[in-house]
Amino acid sequence: AGGYTPARSEAPFSVSGSDFGQTPSRDAFGINDSESEFGAGLPAAAAKRLAKQRREALAAQLGALPAPTNEYTIVMPDLEPEPAEDYTGEGLYPEGHVEDALDAQDREDAQAAAARAADLAKRSTALQRELPRPMIVNRDEMLAPAAGADAAALDASPHARAADQMVREEMVGMLEADAASYPVPGAPEATGRKRKPLKPLAPEAAAAAAALVEAEAQAMRGGEPPPAGASLGAACAAAAAELAYVPSLQRYAPLSSVTRQEAVQAPQQQLQLLKNFMARDAKRAGKAEKKLEVLLGGYKKRASALSKDLERRHDSILEKRVELECFRVLQHREALAGPQREEQLAAMLASQEAREDELQSRYAELLRTRETLLQQTRARAAQS
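Positions 10 to 393 (our numbering) are the ones given, in order, by the sequence shown.
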């Protein structure tokens, strides 16, 4: 047939009419084994037995192959240890050191931390110490001239009012610059022209200013004793009760200086602000609750199943304890009633044995009477 390797005979491996590319006469592993080649025309049991024999023969041939050995030998040349040298250069690593990814990440982190520290040192003290800042910088209110006792104290010195005004202007400028560059979270977006950041002071000038402020603070602390905490709390409460945000004026103002209608608008504005905060927090809480429900849903189901199983086991333990107590009571009662029952049973046994003896005697007597009667009957029958 076309496509076959020639063979000397057609039996037992040469099969005509098969697919192209087969080599029946040299197929030692049975690669081209098929129903048309082997087992054709045989009964099903014989064909199955022949296939099993061929599989066992193939498995035996494969099992005779040598097992693979995975042995490796690494040969490295002997290197002489390099003399230790003290590194005195600049930088993190000596010259010629190859920086890997972890070293590069550490270096970048160190540089970023140094840059953040340098940038934080240029900011105001309020930003450095994370002190609270006003959400809205009210220039008019902060630059308004002092009144009351503060005004009398400033008028006592010819240069005090001018110095106070300069300090106020500098304070307002710093607050506006900080609010523009580093806005307070939740503060409304500033409208109008954006304030440019302040020019950084030279380190010497900043140090001198800090020394002057510290000296002034020391002088104030040395002149008068610091107020007590109770007095400070009372003053803060009085100031908070007197000042309020007036929506019509768009600023904080003393309640005594506004009209009655404007004074009523202040708590209404505060109430509306609190409602807005509550709605925002409720929305956030709803989202967080949904996330937690997704995250902890499986744990809740598992905890519920374990809780039910624990309750079931607890009830089972209580039930077994009740049964154990019942059996203990029964054991105690049985221990008390056992001797009495033994005596009763012994008496019953003795009575039964006596009755059995009496019945046996009666039975023996009846047997003797029966034998006597039978003998008399036989004797009379013989006489007659």
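Where a beta carbon is used, it is the ideal one built from N, C-alpha and C, also for glycine.
- With fewer than 16 other beta carbons inside 10 angstroms of its own, residue 171 counts as exposed.
- When the beta-carbon positions are compared, residue 142 and residue 184 come within less than 9 Å of each other.
- Beta-bridge annotation (DSSP): residue 350 is not paired with any residue.
- Per DSSP, residue 74 is not a residue of any beta strand (DSSP E), being assigned neither H nor E.
- If you look at residue 258, you'll find it isn't in any alpha helix (DSSP H); DSSP assigns it neither H nor E.
- Around the beta carbon of residue 187, 16 or more other beta carbons lie within 10 angstroms, which makes this residue buried.
- Cβ neighbours of residue 209 within its own chain (closer than 6 Å, five residues either side excluded): 131.
- Taking 9 Å as the cut-off, the Cβ atoms of residue 251 and residue 263 count as close.
- Fewer than three pairs of CB atoms, one per stretch, sit closer than 8 Å, so the segment 213-226 makes no contact with the segment 164-179.
- Under the three-state reduction of DSSP output, residue 52 falls in the coil class, being neither helix nor strand.
- Restricted to the segment 214-293, the beta strand (DSSP E) segments that are unbroken, complete and at least 3 residues in length are 252-255, 260-263, listed in chain order.
- In this structure, the CA atom of residue 110 is about 16 Å from the CA atom of residue 121.
- Contact annotation, residue 152 with residue 181: C-beta distance approximately 6 Å; criterion of less than 8 Å satisfied.
- When secondary structure is reduced to three states using DSSP, residue 307 falls in the helix class.
- Of all alpha-carbon atoms in 267, 268, 255, the one lying nearest the alpha-carbon of residue 282 is that of 255.
- Residue 345 and residue 371 have their C-alpha atoms spaced approximately 40 Å apart.
- Of the other Cβ atoms in all chains shown, 16 or more fall within 10 Å of the Cβ of residue 146; this residue is therefore buried.
- Counting C-beta atoms within 10 angstroms of its own C-beta, residue 219 has fewer than 16 neighbours from the protein chains shown and is therefore classed as exposed.
- For residue 261, the CB contacts under 8 Å within the same chain, skipping 5 residues up- and downstream, are 147, 150, 252, 253, 254, 255 in chain order.
- Residue 87 carries a coil assignment under DSSP once its states are collapsed to helix, strand and coil.
- Judged by DSSP in its simplified three-state form, residue 195 adopts coil rather than helix or strand.
- In this structure, DSSP gives residue 155 a state outside helix and strand, which the three-state scheme calls coil.
- Listed in chain order, the non-local C-beta contacts of residue 163 below 7 Å within the same chain comprise 155, 169, 170, 173, local neighbours out to five positions each way being set aside.
- About 11 Å separates the beta carbons of residue 129 and residue 191, which is beyond the 8 Å limit, so they are not a contact pair.
- Taking the CA atoms as reference points, residue 247 sits about 53 Å from residue 115.
- Shown here, residue 212 sits in a helix according to DSSP, grouped into three states.
- With contacts defined as CB atoms closer than 9 Å, residue 193 and residue 144 qualify as a contacting pair.
- For residue 129, the enclosing alpha helix (DSSP H) covers residues 110-130.
- If you ignore the 5 residues before and after residue 289, its C-beta comes within less than 8 Å of no other C-beta in its own chain.
- In this structure, residue 215 lies away from residue 203, with their beta-carbon atoms at least 9 Å apart.
- In the DSSP assignment, residue 134 falls within the alpha helix (DSSP H) that extends over 134-137.
- DSSP, read as helix, strand or coil, puts residue 81 in coil.
- Straight through space, the alpha carbons of residue 244 and residue 277 are spaced by roughly 24 Å.
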